[in-house]
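Numbering (the working numbering), first residue to last: 1 to 350.
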């Protein structure tokens, strides 16, 4: 076999970058959990000793951490002063949890997938699944922290207005079900924005529902409740608006979920399906976003569906496959309402 040395060197260079990125995921987790990013965002240029004092951490560890962060371009280093700075753009992504581009939650998800690796190795051989509830607790917290900024930035400002007549209904007062709500981030955002509407979030994962109830209480909301229920049998009927956020592709019976939406939706109601952005052909998803979603799908989404003998749509299902699910569920109207770099926002009606 003839090996092209230039191609080999190019690949090795790429792999070194990936190795550095993989190891640096731990550095982001440390920066997040120890408050290093938030301290840097407040302090401006700091020495390792100053940052260590501000965060009550050990200077030697902080110094090494800062070296990694500077090498990766997450912070800048001034050799003349020996000080490190977290630029405003990085601070927005790493230190501000209200920012629409806050990232540390994604790194918690990464940590959870490493924890799941031995189990997924077994599933590769058996073809069996791994339920969402069987994962490390960091998956639940990380998923909420990763998705919530995106929902904060887009749900009320862009996604709901892109749907036909839904925003007006919510302002007047509507009955809403948020299915697969997890910690309730999406439900709570909507409940705050539309106080005259009533919201109920459903999820089969009991501990997530308990957390959602706690979050709603902390927010002082009276128009939102949460209940443990599956996507194929949650209670209620005549919902004006049903939403599935980043979860339909994970389900063991997505067609059954669609049928239940049809059953519980008012005749003039709307179903919003928010899914990871994907094109319909593999070759059109071979890009950085597709790389992230295929990896997450291998470790989380496909196993979740297979755990319930589902079709394993995966996080790169694409609009055509999702349309097929919706139509098999008995709904008759379907369209792409809007999209972002990371999401498809789909609208379906009876």
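For every residue, glycine included, the Cβ atom is placed at its ideal position computed from N, Cα and C.
If residue i and residue j are in contact, beta carbons under 8 angstroms, what's the gap, nearest whole angstrom?
| i | j | result |
| --- | --- | --- |
| residue 247 | residue 310 | In fact, because the Cβ distance is near 12 angstroms, the residues do not count as touching under 8 angstroms. |
| residue 47 | residue 82 | 6 angstroms |
| residue 128 | residue 306 | 6 angstroms |
| residue 130 | residue 5 | Their Cβ separation, rounded to whole angstroms, is 41 angstroms, which puts residue 130 and residue 5 out of contact at 8 angstroms. |
| residue 186 | residue 221 | Between residue 221 and residue 186 the Cβ distance is about 13 angstroms, and since that is not below 8 angstroms, they are no contact. |
| residue 189 | residue 152 | 6 angstroms |
| residue 111 | residue 30 | Not confirmed; about 11 angstroms, so no contact. |
| residue 237 | residue 198 | So it is not a contact: roughly 14 angstroms between Cβ atoms. |
| residue 191 | residue 228 | Wrong, their Cβ atoms sit about 19 angstroms apart, outside the cutoff. |
| residue 157 | residue 184 | With a Cβ gap of about 19 angstroms, residue 157 and residue 184 do not count as contacting. |
| residue 41 | residue 86 | 6 angstroms |
| residue 52 | residue 58 | 6 angstroms |
| residue 326 | residue 266 | With a Cβ gap of about 17 angstroms, residue 326 and residue 266 do not count as contacting. |
| residue 105 | residue 145 | 3 angstroms |
Look up residue i in the DSSP assignment and give the residues it is bridged to.
| i | result |
| --- | --- |
| residue 175 | 198 |
| residue 11 | According to DSSP, which records beta bridges pairwise, residue 11 is partnered with nothing at all. |
| residue 352 | Nothing in the structure corresponds to residue 352, since the chain is present only between 1 and 350. |
| residue 343 | 276 |
| residue 334 | 348 |
| residue 239 | 265 |
| residue 46 | 84 |
| residue 203 | 228 |
Going by C-alpha to C-alpha distance, which of the options sits closest to residue i?
| i | options | result |
| --- | --- | --- |
| residue 205 | 307, 132, 125 | 132 |
| residue 278 | 235, 161, 343 | 343 |
| residue 102 | 130, 32, 345, 70 | 32 |
| residue 284 | 319, 305, 270, 258 | 319 |
| residue 120 | 135, 109, 107 | 135 |
| residue 275 | 112, 25, 50, 315 | 315 |
| residue 26 | 107, 280, 250 | 107 |
| residue 117 | 341, 339, 300 | 300 |
| residue 45 | 91, 224, 123, 227 | 91 |
| residue 165 | 271, 79, 49, 146 | 271 |
| residue 261 | 70, 349, 194 | 349 |
| residue 99 | 113, 147, 115, 77 | 147 |
| residue 18 | 196, 288, 308 | 288 |
| residue 170 | 226, 124, 196 | 196 |
| residue 115 | 137, 96, 124 | 137 |
| residue 293 | 308, 159, 249, 78 | 249 |
| residue 346 | 22, 77, 78, 160 | 160 |
| residue 168 | 149, 10, 193, 184 | 193 |
| residue 298 | 215, 172, 341, 123 | 123 |
| residue 226 | 149, 202, 79 | 202 |
| residue 93 | 80, 109, 126, 75 | 75 |
| residue 71 | 12, 308, 336, 24 | 24 |
| residue 97 | 1, 172, 280, 149 | 149 |
| residue 69 | 56, 84, 79 | 84 |
| residue 338 | 273, 55, 66 | 273 |
| residue 268 | 12, 174, 215 | 174 |
| residue 317 | 280, 208, 172 | 280 |
Kindly indicate the opening and closing residues of the beta strand (DSSP E) around residue i.
| i | result |
| --- | --- |
| residue 277 | Here residue 277 belongs to no beta strand (DSSP E), and DSSP marks it neither H nor E. |
| residue 312 | Element bounds for residue 312: n/a, residue is neither H nor E. |
| residue 225 | 224 to 228 |
| residue 76 | 76 to 78 |
| residue 84 | 83 to 85 |
What residue range is occupied by the uninterrupted alpha helix (DSSP H) comprising residue i?
| i | result |
| --- | --- |
| residue 374 | With the chain covering 1 to 350 only, the question about residue 374 has no answer from this structure. |
| residue 151 | 137 to 154 |
| residue 69 | 59 to 71 |
| residue 288 | 288 to 296 |
| residue 306 | 302 to 306 |
| residue 185 | 185 to 193 |
| residue 110 | 104 to 126 |
(message) Pairs of beta-carbons, one from the stretch 137 to 144 and one from the stretch 328 to 336, closer than 8 angstroms: are there three or more?
(response) no
(message) Tell me whether the stretch 173 to 187 and the stretch 230 to 246 touch, counting them as touching only if at least three CB pairs, one residue from each stretch, are closer than 8 angstroms.
(response) yes
(message) Any contact between the stretch 52 to 66 and the stretch 26 to 42? By contact I mean 3 or more CB pairs, one from each, below 8 angstroms.
(response) yes
(request) Would you be able to state if there are at least three C-beta pairs under 8 angstroms between the stretch 224 to 235 and the stretch 247 to 263? (result) yes
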